[in-house]
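Here the protein sequences come in this chain order: U and V.
For reference, each letter of the first sequence is one residue, going 1 to 242 in this note's numbering.
For reference, each letter of the second sequence is one residue, going 243 to 649 in this note's numbering.
No residue lacks a Cβ here, since even glycine has one placed at the ideal position from N, Cα and C.
For reference, the structure is listed below as structure tokens.
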Amino acid sequence: MSLIEVRNLSRLYPMGEEIVYALRDISLVIEKGEYVAIMGPSGSGKSTLMNLIGCLDSPSSGEFILNGIEVSEMDDDELADIRNRQIGFVFQTFNLLARSTALHNVELPLVYAEVDSETRRERALEALGQVGLADRVTHRPNELSGGQRQRVAIARALVNRPAIILADEPTGNLDSRTGVEIMALFEELSDRGNTIIVVTHEEEVARHARRILRIRDGLIAADERPPADERIDARLSSCPEG
Amino acid sequence: MRLGYELTEAVRISGEAILSNKLRAALTTLGIVIGVATVSLMGSVIAGLSQTFEDSLSVLGSDVLFVQKYDWTSKGNWREMRNRRDITLRHATRLEKELSLAQAVSVEAQSVGPVSHEERSAESATIVGANEQTAMVRGYLMEAGRSFSEAEVDGSRPVCILGSTLAENLFPRSSPLRNRIKIRGKKYEVVGVLEKMGGSLFFGGADDQVMVPITRFVSDFAYNPDVNINVKAIDAEAIDETRIEVRGIMRKIRRLAPGEPDDFAINQQGMVMDAVIQTGGTIAAGGLLITGLSLLVGGIGIMNIMFVSVLERTKEIGLRKALGAKQRTILIQFLLEASFICLFGGILGLLIAFPVTLLLQTVFPAKMAWPVVLAALTVSILTGLISGYLPAFRAARLNPVDALRQE
Chain U
1 MSLIEVRNLS RLYPMGEEIV YALRDISLVI EKGEYVAIMG PSGSGKSTLM NLIGCLDSPS
61 SGEFILNGIE VSEMDDDELA DIRNRQIGFV FQTFNLLARS TALHNVELPL VYAEVDSETR
121 RERALEALGQ VGLADRVTHR PNELSGGQRQ RVAIARALVN RPAIILADEP TGNLDSRTGV
181 EIMALFEELS DRGNTIIVVT HEEEVARHAR RILRIRDGLI AADERPPADE RIDARLSSCP
241 EG
Chain V
243 MRLGYELTEA VRISGEAILS NKLRAALTTL GIVIGVATVS LMGSVIAGLS QTFEDSLSVL
303 GSDVLFVQKY DWTSKGNWRE MRNRRDITLR HATRLEKELS LAQAVSVEAQ SVGPVSHEER
363 SAESATIVGA NEQTAMVRGY LMEAGRSFSE AEVDGSRPVC ILGSTLAENL FPRSSPLRNR
423 IKIRGKKYEV VGVLEKMGGS LFFGGADDQV MVPITRFVSD FAYNPDVNIN VKAIDAEAID
483 ETRIEVRGIM RKIRRLAPGE PDDFAINQQG MVMDAVIQTG GTIAAGGLLI TGLSLLVGGI
543 GIMNIMFVSV LERTKEIGLR KALGAKQRTI LIQFLLEASF ICLFGGILGL LIAFPVTLLL
603 QTVFPAKMAW PVVLAALTVS ILTGLISGYL PAFRAARLNP VDALRQE
């Protein structure tokens, strides 16, 4: 069984009189443990695809099977539950709760998963340790650097042990050095068996992945698996700071 | 327990939201504060007033019929009532003799005049002609001495019973018992003093009066007075039966032909009580409705600010939904926030209303009643829930994709 099975998926938006296809009849399979980059210029439909894979949106037609579950027909609350259990989001703008500590930010998905507070704390600390922030747990976002904030966000994505980590332009708000550190972290997570999907418009970022899906005009224009020597391994260019 | 963690989180978020916007929350809550304060003040005043009415009326006793020329409920024509034949002592005596259902019958008449003892005097004391059953029917208690005996009334003896204020005025240092006082120049011996009763809203209390046997009253002060006959029924249940008997006998005594209307009235506490409760209820409903408008205005303020609160936290709502928050979680979060603000406002309103009520009590009968307090708090929470619902519903229904895109 594949982790993600997309069959003839379309998403269209009515724009006044016209109907705009954001995605046309896409089919796609992603296996467990893959590290995939979704690339494309703005307006290509890559964000729409990301929203569908992230269960934030429902397709107009077609099937979407995530981890063996048919999700295309689910309602709002059922989707919320799927997102909570199957997907870990990493956003370009981090999206941390400004008034809460790193620890509480990381605990948040577990609150909605109805995990008791002791286990919550334990697992949040563990996730923060995985991203190298064990000594920053009581800091609030404004006391952390951009790179550290994104690490908190990654810890939050990891904490409920989701099937997919879905990152939307994760380095878009970071300087290039910090960006490389974050990409190194993704590689590490990938090596540990996590399935990672990164959405980006930067070639540099995409080249860290082992598979690149190029989207153009609502279609998959190319599905590449670059040979190992063309990939960038971020861990060779820098070491993540503790 | 499934909701437990979500609820804790919702409480935490709403608390944070309010605390991070203290001034805004305070200003918003002002409407509720004023609303709750005015409504509960109005409630206190109304509760105080009706309590006073009831206390005043209860002096009359619920098992006593008051047979007089005048009807208390102003049903009849005033001029017609004034022109009715007096109820005479003879009528009273006959009624007393023929009644079978009464426990006691008090026959009373009133006059005003000077009362004096040596150098001390009261210029216009109420002089009441009474019989040996008056104290019992009226519920008077003796502070000292005794009430009239049947022999004293039958023999029209010059004895009297003083009200407590009058007794203090005439005898500031000594006991009035067995002393002789002058009532309109006639000598009377004091045989009893009444306990202090306090005033009443409608009826002058007994504190300023002096009672003499009705038979003596007739010979000394008024030859043929208009008397009141107060009939105490055997118990409160028997009052309707007693009323029927009294009416029949009175019509016979006053020789009224069948079909002729009564030329006397049989008053009782319940009639006045009903009228008072009815009028009071109308006034209370009107007052609460008008002051309730200020609560409505407060509620609209809450709704307004909750819309702003949802708007400025759209992105946070999007994030929470992306991380797995369900619609009800978001709904509860914002409903809690609105109810917290309103509950806080309600408590503040009560904290204002309470001392104001105490202040009012010095000049006016007001009473802070627990039902009023409870109602005020319930209403403020309800206001929060109702005014918060629309904004909270809108927040809960936000599409996470659109919400996250918001800057």
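Item, Value
"I want to see whether chain U comes within less than 8 Å of V:S262, judged by CB atoms only; does it?", "yes"
"What residues from the region 76 to 99 of chain U come within 8 Å of chain V, judged by C-beta to C-beta, listed N to C?", "D76, D77, A80, D81, R83, N84, R85, F89, F91, N95, L97, R99"
"Beta carbon of U:E206, beta carbon of U:N160: below 8 Å?", "The identity of residue 206 of chain U in the sequence shown is Ala, whereas the question assumes Glu. Cβ atoms of U:A206 and U:N160: not closer than 8 Å."
"Here's the rule: buried if 16 or more other CB atoms are within 10 angstroms of the residue's CB, otherwise exposed. What is U:L96?", "buried"
"Are there 16 or more other CB atoms within 10 angstroms of the CB of U:Y35, so buried, or fewer, so exposed?", "buried"
"Taking Cβ positions only, does U:Y112 come closer than 8 Å to chain V?", "yes"
"The alpha helix (DSSP H) that contains U:N173, what's its start and end?", "No alpha helix (DSSP H) contains U:N173, which DSSP labels as neither H nor E."
"Do the region 132 to 144 of chain U and the region 64 to 84 of chain U meet, that is, are 3 or more Cβ pairs less than 8 Å apart?", "no"
"Enumerate in chain order the residues of its own chain whose CB-to-CB distance from V:G387 is below 8 Å, with the five nearest sequence positions on each side excluded.", "I403, L419, V432, V433, G434, V435"
"Rounded to the nearest angstrom, what separates U:D57 and U:L158 at their Cα positions?", "22 Å"
"Is V:E251 close to chain U, meaning its C-beta is less than 8 Å from at least one C-beta of that chain?", "yes"
"What alpha helix (DSSP H) runs, 4 residues minimum, are completely inside the region 17 to 57 of chain U?", "46 to 53"
"For the alpha helix (DSSP H) that contains V:Y631, what are its first and last residues?", "612 to 638"
"Return the CA-CA distance between V:E410 and V:S581, expressed in angstroms with no decimal places.", "58 Å"
"Going by DSSP, what residue range makes up the beta strand (DSSP E) through V:V433?", "428 to 436"
"In the DSSP assignment, the beta strand (DSSP E) including U:H139 goes from what residue to what residue?", "Counting along the chain, U:H139 falls outside any beta strand (DSSP E), and DSSP gives it neither H nor E."
"Distance cutoff 8 Å, beta carbons only. Does U:N194 sit that close to anything in chain V?", "no"
"Between the beta-carbon of V:G285 and the beta-carbon of V:G540, is there less than 8 Å?", "no"
"Between which residues of its own chain and U:F186 is the CB-CB distance below 6 Å, once the five residues before and five after are set aside?", "I196"
"Below 8 Å on the Cβ atoms is my contact criterion, and I expect V:L577 with V:A634 to pass it. Report the Cβ-Cβ distance as a whole number of Å.", "5 Å"
"V:G566 and U:P162 look like a contact to me (Cβ under 8 Å); what is the Cβ gap, rounded to whole Å?", "Actually they are not in contact, since the Cβ atoms of V:G566 and U:P162 sit about 10 Å apart, beyond 8 Å."
"Examine chain U for any beta-carbon lying closer than 8 Å to the beta-carbon of V:V550, and answer yes or no.", "no"
"Could you run through the region 140 to 164 of chain U and flag, in chain order, every residue whose CB is less than 7 Å away from some CB of chain V?", "none"
"Which bits of chain U does V:Q569 rub up against, with CB to CB less than 7 Å?", "D76, D77"
"Is the distance from the Cβ of V:R426 to the Cβ of V:F463 below 8 Å?", "yes"
"Going by alpha carbons, who is nearest to U:A98 out of V:S262, V:V460, V:M323?", "V:S262"
"Since V:A564 meets chain U, which of its residues come closer than 7 Å, beta carbon to beta carbon?", "L56, R83, F89"
"Whose C-beta lies closer than 6 Å to the C-beta of V:A377 among residues of the same chain, with five residues either side of it excluded?", "S389"
"Note down, in chain order, all residues in the region 613 to 642 of chain V with a beta-carbon under 7 Å from any beta-carbon belonging to chain U.", "P642"
"Let me confirm a value: V:L299 is counted as buried when at least 16 other C-beta atoms fall within 10 Å, else exposed. Which label applies?", "buried"
"Can you find a C-beta in chain U that's less than 8 Å from the C-beta of V:L561?", "yes"
"Can you find a C-beta in chain V that's less than 8 Å from the C-beta of U:N51?", "yes"
"Can you give me the C-alpha to C-alpha distance between U:L189 and U:N8, rounded to a whole angstrom?", "31 Å"
"Residues of chain V with CB closer than 9 Å to the CB of U:P109, please, in chain order.", "L565, G566"
"Going straight from the alpha carbon of V:L593 to that of V:L601, what length do you get?", "13 Å"
"I want to verify the contact list: residues of chain U whose CB lies under 8 Å from the CB of V:L579, in sequence order.", "The identity of residue 579 of chain V in the sequence shown is Glu, whereas the question assumes Leu. Per Cβ cutoff of 8 Å: no residues; V:E579 is ~14 Å from chain U at best."
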